[in-house]
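Worksheet: the structure to be examined is printed underneath.
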Amino acid sequence: MRKFLKTKALLLLLMISTAVMMVVPSIAQILGTDKELPGWLTSTFDNRFKLGLDLQGGLHLEYSVAVDEALENKLDQIAAELEAGFKEKKGVAVDIERQGIDRLDIKFADPAQVATAEDDVMGVALTDMERVDTQDESSGVIHLKMSDARLGEHRSHAVAQALETVRRRIDAMGIAEPNIYPKNRQIVIELPGLSDTTTEIKAARRDTEDRLRPLLLQSGASQVILADSDEDPGAFRVTLTDKVARDLLGQVFAGKMIEQTIIDERLGSGVELEILPDDPGRPAAPDTVEVKLSERSRDNILEGSSDFRRLLKVVERAAVLEMRMVDDELPFGPGQRNYFQALLEGGQVRPGMGVSVNKLSNYGSPKGHNVENVWAFYAKDRKTLEDFFNQLPAKWRLPASHLVAYGPDSVVIRGEPTRVWRTYIVKSRAEVTGESILAANVSPDPQTGLPGVDLKLDRLGATRFEQMSGDNIGRRMAIMLDDAVMSDPVFNDRIPGGNVRITVGETPGQSVRDTANDLVKVLKSGSLPARLVKEFEIRVGADLGKDAVESGFWAFVVGLGAVVVFMAVYYRVSGLIAVFGLVLNVLLILAAMAFFQATLTLPGIAGVVLTLGMAVDANVIIYERIRELIREGYTARAAIEAGYDRAFTTILDSQLTTAIAGVVLWQYGSGPIRGFAITLLIGIATSIFTAVFCTRLFFDFQANRRGFDRVSI
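Residues -22 to -1, 1 to 691 (mature numbering (1 follows the signal peptide of the UniProt record, and there is no 0)) make up the sequence shown, in order.
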């Protein structure tokens, strides 16, 4: 007990000093005073713990993953590999149709060719599917079905893949410290700090100030002084010399106020100003009033923010890249005409629909096919075209092997280039998908100089692309991104090497280069297995976080104060030693969170407060054991040593049971629950250390004094 006391004391002092220096930069950053710290401190201890969404405000998004689409994409991929396998290994052409989300029908031209469906070809499908309804195989059709267990596995994989893809996209956008986690079939995205503290809010506030000043001057104010708020970027103080500010605002906006909210188009479209109550902490000043942009105004501003919209577009973009063959030669109906021509001649297109039908130029290549009698539908927006084709009777719809695709185009109307949408007839199954992309880069077009996206395909994708181009010289290929045709080049020759170029057009509010850069980001991060459907969106303001921090701080102060009083009264000097252990325990928790760059949430603060009680519990076990030993006749030194040694097992057992619960919460809980679990687990480790080692050091120093024969306990 008496060995190496000075060494232990020095190590404890060093640990406390290090912990303080690790925690101070984090606290200073939260308070906004980190620039006042010495440079060597912030550079040496650059790891910081962060405040969660519920403490500093931010953006909370919830998306559901359309997992059934992921299953359809999976079956389409299997079908493509089966068709390629039969053609390459068996020399047999098969027609494969997908039925729903769990079945494939393989159709052979000759029923005798069913025998070629051996494991070397079918293996790619039989890992996920099984042959069913085998009695139909005698007629040349093989039915494959995916089991319910495999369906569940693929659904779970789709959510996990979407989660990882979204995480990479947000990282590529440079968003600091996001929190992204799954919830059933949903993905929850929390972006702390991305809230109403943005520059857009400040810019809107300044614009409102510029509109408000002349209104007040015209109403009799001799001088208008506007000062920014130190705490809220959307708030400012209005000082009117020799006027009662609230009265003049009431006069200027008479009939434009609902309670204390000003709604007046003169301040800007959609702008609402809230008149705040007087701050009791400041001297009364009738000529001064504080106002701020309402929450509805902030939402409108952020919705209109280009950066905000760009973030959501990148997150939500499916980035499903598909290369499908355009089939303008598909015969349709009794007359075996072009499909769009047949719709026109069949009276399906009527005036007032907003749809025009145009016959286009022929195209082709001397080395291959020549495509004639090309038609397309045009409309100002895509929805008009979609509504038209969705309402067609069943007999006027394309077979399952083909579908109508839509893509943006530019036409000249009254001498002005106008952006419209047009139609394409494409094959239902994609020949090459975004899964084959190895690299994506932005580079200028050698002819126009406009930025475009160059893709490099992997070996399998390059092989399929080379075969597709070689078999379809003179025909068009549709390069589709997110279910829209981005470009439709004509194959003039076989294209080896797997090099593909995507041309991009201008997006409203965004340059061509920005559009190309965003496309590269999502392609590099991988395509989503299915669409994300936004279910919930909320912006958490920093005011709530400030109140939570203050409430948590006072809960900590009150809890610590109650423990100090109890321990000092009940255990006297030993109780004060335990209090020191508690304070050190909290310090070590914060230092550990800074070291691991953990996120402190409101439940995390609750975990720290809970740790206080758990740490006291360990001290109570030790002190009661020492009291028992003293009553049994042990000397003070022997009672201290035996009390700590015998209590250790009990403390460890009690803390381990709590740690098991904490591990379960951390493993299966969502964001706030995991925040609670992290601080709880760290607190368990530090409370054992402070109770067993740190507080004992004080008793060892007492016991090392000559003449020591009683302990204040």
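For every residue, glycine included, the Cβ atom is placed at its ideal position computed from N, Cα and C.
{"query": "For Asn25, tell me which candidate among Phe573, Glu131, Leu560 has the shortest Cα-Cα distance.", "result": "Phe573"}
{"query": "Span of the beta strand (DSSP E) holding Trp374?", "result": "Where Trp374 is concerned, there is no enclosing beta strand (DSSP E), given that its DSSP letter is neither H nor E."}
{"query": "Using DSSP with H/G/I as helix, E/B as strand and the rest coil, what is Gly311?", "result": "coil"}
{"query": "Measuring straight from C-alpha to C-alpha, what distance separates Phe469 and Ser447?", "result": "6 angstroms"}
{"query": "Under DSSP, the beta strand (DSSP E) around Glu394 begins and ends at which residues?", "result": "394 to 405"}
{"query": "In chain order, which alpha helix (DSSP H) runs of at least 4 residues are fully inside the region 613 to 650?", "result": "614 to 646"}
{"query": "List the whole-angstrom C-beta distance separating Val551 from Ile618, where the pair is believed to meet the contact cut-off of C-beta under 8 angstroms.", "result": "Incorrect: roughly 13 angstroms between the Cβ atoms, too far for contact."}
{"query": "Let's test the definition: count the other Cβ atoms within 10 Å of the Cβ of Glu108 and tell me whether it reaches 16, buried, or not, exposed.", "result": "exposed"}
{"query": "Since Phe679 is in the alpha helix (DSSP H), which residue starts that stretch and which ends it?", "result": "673 to 681"}
{"query": "Which one or two residues does DSSP pair with Glu268 in a beta bridge?", "result": "Arg215"}
{"query": "With a floor of 4 residues, list each alpha helix (DSSP H) that falls wholly inside the region 6 to 71, ordered by position along the chain.", "result": "17 to 22, 31 to 34, 45 to 63"}
{"query": "Can you give me the C-alpha to C-alpha distance between Ala181 and Met458, rounded to a whole angstrom?", "result": "38 angstroms"}
{"query": "Once DSSP output is grouped into helix, strand and coil, what is the label at Asp174?", "result": "Bear in mind that the predicted position of Asp174 carries a pLDDT of just 41, short of 50, making it unreliable; the figure below should be weighed with that in mind. Coil at Asp174, not helix or strand."}
{"query": "With Asp305 and His380 assumed to form a contact (beta carbons below 8 angstroms), what rounded beta-carbon distance in angstroms separates them?", "result": "6 angstroms"}
{"query": "On the DSSP letters alone, give me the boundaries of the beta strand (DSSP E) that Arg81 sits inside.", "result": "81 to 86"}
{"query": "Could you check whether the region 35 to 46 touches the region 102 to 120, counting it as contact only if at least three pairs of C-beta atoms, one from each stretch, sit closer than 8 angstroms?", "result": "no"}
{"query": "Please return the same chain residues whose Cβ sits closer than 8 angstroms to the Cβ of Ile158, not counting the five positions on each side in sequence.", "result": "Leu141, Val144, Arg145, Ile148, Ile165, Val166, Ile167, Glu168"}
{"query": "Which residues bound the alpha helix (DSSP H) around Pro581?", "result": "580 to 609"}
{"query": "In terms of residues, what are the limits of the alpha helix (DSSP H) holding Leu226?", "result": "223 to 230"}
{"query": "Looking at the structure shown, is Glu252 part of a helix, part of a strand, or coil, going by DSSP?", "result": "strand"}
{"query": "In terms of residue numbering, what span does the beta strand (DSSP E) encompassing Val689 cover?", "result": "Careful: Val689 lies outside any beta strand (DSSP E) and carries neither H nor E."}
{"query": "In terms of DSSP beta bridges, what is Ala546 paired with?", "result": "None; Ala546 has no bridge partner."}
{"query": "Report buried or exposed for Trp532, applying the criterion of at least 16 other Cβ atoms within 10 angstroms of its Cβ.", "result": "exposed"}
{"query": "How long is the line joining the alpha carbons of Thr362 and Val333, rounded to whole angstroms?", "result": "7 angstroms"}
{"query": "Tell me, to the nearest whole angstrom, how far the beta carbon of Thr657 is from that of Ile567; I am working on the premise that it is less than 8 angstroms.", "result": "6 angstroms"}
{"query": "So is Thr401 buried or exposed if we call it buried at 16+ other beta carbons inside 10 Å?", "result": "buried"}
{"query": "Could you spell out the range, first to last residue, of the beta strand (DSSP E) harbouring Arg437?", "result": "Not the beta strand (DSSP E): Arg437 falls in the alpha helix (DSSP H), residues 437 to 449."}
{"query": "On a Cα-Cα basis, can you pick out the residue from Gly330, Leu338, Pro344 that is closest to Phe366?", "result": "Gly330"}
{"query": "Where Ala90 and Asn51 are concerned, what is the direct C-alpha to C-alpha distance, given to the nearest angstrom?", "result": "30 angstroms"}
{"query": "Whose C-beta lies closer than 7 angstroms to the C-beta of Val92 among residues of the same chain, with five residues either side of it excluded?", "result": "Phe86, Glu115, Gly118, Ile120"}
{"query": "Would you list the residues sitting across from Ala418 in a DSSP beta bridge?", "result": "Leu433"}
{"query": "Can you give me the C-alpha to C-alpha distance between Ile56 and Glu96, rounded to a whole angstrom?", "result": "15 angstroms"}
{"query": "What would DSSP say about Glu350, mapped onto helix, strand or coil?", "result": "coil"}
{"query": "Which residues does DSSP pair with His121 in a beta bridge?", "result": "Asp83, Val110"}
{"query": "Measure from the alpha carbon of Val45 to the alpha carbon of each residue in Val72, Gly412, Arg163, then state which is nearest.", "result": "Arg163"}
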